[in-house]
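In the working numbering, the protein residues as written are 301 to 478.
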Amino acid sequence: MKKLIYSITLVLCFGLVGCSTSDKEESKPKTENIPPVEKVSTDKEESNIYQEYHETTTPLVKEILQNNALLEQYQQELSIGIITLDDFGLLVTYELIPANDEITKKVESLKVEDELVGIHETLITMLNKLNYALLEISGAINTSDSSRMTTAIEYLDEVKKYEREFARELTKHTEVGL
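What follows is the structure in structure tokens.
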């Protein structure tokens with residue numbers, strides 16, 4: 301019975317926090333087919349540095365988004381009963397955490413110009429917070445500790461904050477945003 305109540309609490313927590321967009325993002329019209337506006341840069345070399353960084357990190361960002369989509373998929377499968385709480389914990393522990401670790405290693409291995417250190421550190425911080433969240437989810441399931449789940453939710457909120465900050469900074473300095 302305790303496990304059932306914990307499972308329901310877990311599903312509700314994920315349902316409330318999930319990987320949804322913020323109210324600001326929901327109020328924006330979808331503009332997938334609209335070409336980006338080119339930004340005028342006073343320093344063309346700085347713009348090129350950011351553009352190169354954008355091109356370098358795009359595949360890594362796509363990997364991050366794929367892993368986040370997997371997390372959301374597993375949450376949905378858990379909520380409708382396709383997988384058990386134990387299965388969810390195993391998927392997080394043995395699939396998502398190692399994948400996130402690999403992406404983090406790739407991002408940390410990138411050599412960046414001095415101008416890019418701030419934005420690069422934002423990306424690394426986002427990945428580290430995501431890893432903390434995944435570890436807390438795994439630990440919460442293994443120990444049936446709801447306080448660890450609360451901590452994981454707080455980390456996921458911070459991940460979203462850093463994700464928005466990274467996208468905002470990169471978009472500000474490049475012709476093509478995320």
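For glycine and all other residues, C-beta sits at the position ideal for the given N, C-alpha and C.
If you're wondering where the values come from, they're calculated on a predicted model, not measured in any experiment.
Local conformation of residue i per DSSP, three classes
i      : result
Ser409 : helix
Ile364 : helix
Ile382 : coil
Leu470 : helix
Asp485 : It is not possible to answer for residue 485, since the shown part of the chain is limited to 301 through 478.
Ser307 : Note that Ser307 has pLDDT 42, beneath the 50 cutoff, so the model's placement of it is unreliable and the number below is only indicative. Ser307 falls in the helix class under three-state DSSP.
Cβ neighbour criterion (16 or more within 10 Å) applied to residue i
i      : result
Asn367 : buried
Lys472 : exposed
Tyr374 : buried
Ser438 : buried
Lys328 : With a pLDDT of 47 at Lys328, under the threshold of 50, the predicted position of this residue should be treated as unreliable, though the coordinate-derived value follows. Label assigned to Lys328: exposed.
Gly381 : exposed
Glu325 : Since pLDDT at Glu325 reaches only 47, below the 50 mark, its modelled position is unreliable, and the value read off the structure follows with that caveat. So Glu325 counts as exposed.
Lys429 : buried
Ala440 : buried
Ala369 : exposed
Thr358 : exposed
Reference residue i, options the options, closest by Cα
i      : options                           : result
Leu434 : Pro359, Glu372 and Gln351         : Glu372
Ser447 : Leu456, Glu436 and Asp457         : Glu436
Thr443 : Leu385, His354, Thr358 and Thr357 : Leu385
Asp457 : Tyr353, Asn431 and Asp414         : Asn431
Gln351 : Ile453, Glu415, Leu370 and Leu378 : Glu415
His409 : Thr356, Arg468 and Asn348         : Reading off the sequence shown, one finds Ser at residue 409, where the question assumed His. It is Thr356 whose Cα lies nearest to the Cα of Ser409.
Distance between beta carbons of residue j and residue i, contact taken as under 8 Å
i      : j      : result
Tyr424 : Val412 : As written in the sequence, residue 424 is Ile, which differs from the Tyr given in the question. About 10 Å separates the two Cβ atoms, so there is no contact after all.
Phe388 : Leu378 : 5 Å
Thr393 : Leu427 : About 17 Å; that fails the 8 Å criterion.
Three-pair Cβ contact test at 8 Å for the region 354 to 364 versus the region 399 to 408
yes
Below 8 Å, how does it come out for the region 454 to 461 and the region 408 to 421: are there three or more Cβ pairs, yes or no?
no
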